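Here the structure is laid out as structure tokens; the discussion comes afterwards.
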Amino acid sequence: MTSVTQAPAAGEKGHVDPASSFVPVQTRSERPHSFDPADFDAPSGREVNWKHTPVDRLRPLFADEAGPTGVIDVEVSAPAEVRQSRLRAGESPRGEVFRPEDLPSAVAWSQESEAPLLSIPANVELSEPVVVRLRGTGGVAHAHVVIEAQANARGTVILRHEGTAQHAQNVEIIARDGSALTVVSLQRWDDDAVHASAHQARVDRDASLTHVVVSLGGGVVRVNPSVELAGSGAQGRLYGLSFADAGQHLESQVYLHHKGPHTVGDVLYKGALQGESAHSVWIGDVLIGPDAVGTDSYEANRNLVLTDGARADSIPNLEIETGDIQGAGHASATGRFDDQQLFYLQARGIPEAEARRLVVLGFLAEIVQKMGVDELTEELLGAIEAELAAGADA
Numbered sequence: 074m075t076s077v078t079q080a081p082a083a084g085e086k087g088h089v090d091p092a093s094s095f096v097p098v099q100t101r102s103e104r105p106h107s108f109d110p111a112d113f114d115a116p117s118g119r120e121v122n123w124k125h126t127p128v129d130r131l132r133p134l135f136a137d138e139a140g141p142t143g144v145i146d147v148e149v150s151a152p153a154e155v156r157q158s159r160l161r162a163g164e165s166p167r168g169e170v171f172r173p174e175d176l177p178s179a180v181a182w183s184q185e186s187e188a189p190l191l192s193i194p195a196n197v198e199l200s201e202p203v204v205v206r207l208r209g210t211g212g213v214a215h216a217h218v219v220i221e222a223q224a225n226a227r228g229t230v231i232l233r234h235e236g237t238a239q240h241a242q243n244v245e246i247i248a249r250d251g252s253a254l255t256v257v258s259l260q261r262w263d264d265d266a267v268h269a270s271a272h273q274a275r276v277d278r279d280a281s282l283t284h285v286v287v288s289l290g291g292g293v294v295r296v297n298p299s300v301e302l303a304g305s306g307a308q309g310r311l312y313g314l315s316f317a318d319a320g321q322h323l324e325s326q327v328y329l330h331h332k333g334p335h336t337v338g339d340v341l342y343k344g345a346l347q348g349e350s351a352h353s354v355w356i357g358d359v360l361i362g363p364d365a366v367g368t369d370s371y372e373a374n375r376n377l378v379l380t381d382g383a384r385a386d387s388i389p390n391l392e393i394e395t396g397d398i399q400g401a402g403h404a405s406a407t408g409r410f411d412d413q414q415l416f417y418l419q420a421r422g423i424p425e426a427e428a429r430r431l432v433v434l435g436f437l438a439e440i441v442q443k444m445g446v447d448e449l450t451e452e453l454l455g456a457i458e459a460e461l462a463a464g465a466d467a
């Protein structure tokens, strides 16, 4: 049985049904949740949501202990219209959507006494993105961030992660009626950084959310988005791009819940891997609920393995609880270079190394273009080229 809790006020605890700890939970929608870290056991790596993750490298994030302050320097650049404040537990809209599903998320909730709020007011269209730059200086850090687009608002929020840290992070996203919100989480950490992040979002009537995860840096990066299309006509576009090098583990477990009628979902994650023990994990769960009539949904994951010794795990899941839908499907593919593409390019005088570069850029550029964030396009294409060059020199 799934435990349902409300956000506790300061000092109060959430609750998990004790019986749930004895029954393996296979369905994403049935996972227990709680605001109290004591309700979660430390992951062993055998649990369904941890079995692909190097849990030993994440253990510093399992302790419900306050660390030193100032581990991450935060700089916010935002248009004047954006409302910024801090929310204690129990202060709306903190906890309106978010329900921790694992230990690092519950620890981040409990350790963040005042969560920063970024709110785009009703009927406001931002002329430029909100950019939150987070630069780690070493150590364990916790965060809970609330991003809200009020009714009929339009805007983009970019979270940039750089430097080094062991970071447990929650991102709570609310797209209210008629709004159009884009949230980009960009991971360009140093090689020794560890980052476990849970993003949970609700999209209301006739609203849209474009959610993008870009993971290029970090030793272990685990960014798991969960999006509920709650209102009639809600749209969710979930995109991801990753490039794993030797020793890197880059992971996303994606959950898209079609709850309201006539909702539209589009999930596309692409990854490239090069180097010994480079590892990526993508698990995609789509649930079309009993009231989600007229739904149109598709999820796909594509991975390009560039060298021996790299591994991509890809698991799509689709659960449909109504027969009255427009369409639903899922797909997954992992492979090496297309020899025909390489032959085509080389036959036209393009050297092999350049041909490989063009194929990889073309493969990943689709995600960059789907983001619709001009400020990042040149940077990300340059970063992909740099990854390729580093692999060629290794």
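Per this note's numbering, residue 74 is the first one in the sequence shown, and the count goes up by one each step.
All C-beta atoms, glycine included, are put in the ideal place defined by N, C-alpha and C.
All values derive from a computational prediction rather than experimental measurement.
Determine the burial state of residue i: buried for a count of at least 16 other Cβ atoms within 10 Å of its Cβ, exposed for fewer.
{"i": "V147", "result": "exposed"}
{"i": "E245", "result": "buried"}
{"i": "E221", "result": "buried"}
{"i": "S158", "result": "exposed"}
{"i": "R119", "result": "exposed"}
{"i": "S192", "result": "buried"}
{"i": "E372", "result": "buried"}
{"i": "F416", "result": "exposed"}
{"i": "A456", "result": "buried"}
{"i": "T255", "result": "buried"}
{"i": "Q326", "result": "buried"}
{"i": "T210", "result": "exposed"}
{"i": "D412", "result": "exposed"}
{"i": "E425", "result": "exposed"}
{"i": "S165", "result": "exposed"}
{"i": "G448", "result": "Residue 448 is actually Glu in this sequence, not Gly. Its Cβ having fewer than 16 others within 10 Å, E448 is exposed."}
{"i": "E19", "result": "The structure shown does not extend to residue 19, since the chain is modelled only from 74 to 467, so the question has no answer here."}
{"i": "D265", "result": "exposed"}
Verify whether the separation of the beta carbon atoms of residue i and residue j is less than 8 Å.
{"i": "G343", "j": "E439", "result": "For clarity, residue 343 is Lys in the given sequence; the question names Gly instead. Contact flag set, yes."}
{"i": "T407", "j": "A385", "result": "yes"}
{"i": "L314", "j": "V287", "result": "yes"}
{"i": "A179", "j": "S117", "result": "no"}
{"i": "G362", "j": "H330", "result": "yes"}
{"i": "E169", "j": "H215", "result": "no"}
{"i": "E198", "j": "R156", "result": "no"}
{"i": "A280", "j": "A248", "result": "yes"}
{"i": "H240", "j": "I145", "result": "yes"}
{"i": "G333", "j": "S305", "result": "yes"}
{"i": "R104", "j": "E174", "result": "yes"}
{"i": "W182", "j": "N122", "result": "no"}
{"i": "G212", "j": "G140", "result": "yes"}
{"i": "V446", "j": "T229", "result": "yes"}
Rounded to a whole number of angstroms, what is the C-alpha to C-alpha distance between residue i and residue j?
{"i": "T336", "j": "T237", "result": "39 Å"}
{"i": "E324", "j": "A269", "result": "9 Å"}
{"i": "V267", "j": "D318", "result": "15 Å"}
{"i": "R409", "j": "I423", "result": "19 Å"}
{"i": "L453", "j": "V441", "result": "7 Å"}
{"i": "G357", "j": "G143", "result": "35 Å"}
{"i": "A462", "j": "L431", "result": "12 Å"}
{"i": "V359", "j": "H284", "result": "15 Å"}
{"i": "F436", "j": "G396", "result": "34 Å"}
{"i": "I364", "j": "A307", "result": "The question names Ile, yet the displayed sequence has Asp at residue 364. Spanning the two alpha carbons is a distance of roughly 13 Å."}
{"i": "A303", "j": "G402", "result": "20 Å"}
{"i": "D263", "j": "G320", "result": "13 Å"}
{"i": "L282", "j": "R233", "result": "19 Å"}
{"i": "P127", "j": "R310", "result": "28 Å"}
{"i": "Q419", "j": "D381", "result": "22 Å"}
{"i": "E451", "j": "R206", "result": "18 Å"}
{"i": "L341", "j": "V257", "result": "14 Å"}
{"i": "A136", "j": "F171", "result": "20 Å"}
{"i": "D316", "j": "L379", "result": "Just to set this straight, residue 316 is Phe in the shown sequence, not Asp. Looking at the two C-alpha atoms, the distance is approximately 10 Å."}
{"i": "L391", "j": "D339", "result": "13 Å"}
{"i": "D277", "j": "V366", "result": "16 Å"}
Which same chain residues end up closer than 6 Å to residue i when comparing Cβ atoms and leaving out the 5 residues on each side of it in sequence?
{"i": "S299", "result": "Q273, Y328"}
{"i": "V204", "result": "S150, I231"}
{"i": "S102", "result": "L360"}
{"i": "T368", "result": "H331, T336, I361, I398"}
{"i": "G400", "result": "D369"}
{"i": "E458", "result": "none"}
{"i": "E460", "result": "F316"}
Looking only at its own chain, which residues have a Cβ that is under 8 Å from the Cβ of residue i, when we skip the five neighbours before and after it?
{"i": "V96", "result": "Because the pLDDT of V96 is 47, which lies under 50, any placement of that residue in the model is unreliable, and the question is left without a value."}
{"i": "N376", "result": "K343, G344, A345, L346, S353, W355, A385, S387, A406, T407, G408"}
{"i": "R130", "result": "V267, G292, V293, H322"}
{"i": "R167", "result": "A80, L160, R161, A188, L190, H217, V219, E245"}
I'd like the list of long-range same chain contacts for residue i, defined as Cβ closer than 7 Å, with 5 residues on each side in sequence excluded.
{"i": "S200", "result": "P152"}
{"i": "N225", "result": "A195, N196, G251, S252"}
{"i": "R208", "result": "I145, D146, E235, G236"}
Does any residue of chain C bring its CB to less than 8 Å from the CB of residue i?
{"i": "V337", "result": "This model lacks chain C altogether; it includes just one protein chain."}
*Fully enclosed by the region 318-351, which beta strand (DSSP E) runs are 3 residues long or longer?*
Here the runs fully enclosed are 322-331, 337-346.
*Which runs of the alpha helix (DSSP H) fall wholly inside the region 381-437 and span at least 4 residues, in chain order?*
412-419
*asked:* For a minimum of 4 consecutive residues, which ranges assigned as the alpha helix (DSSP H) are wholly contained in the region 111-187?
replied: 176-184
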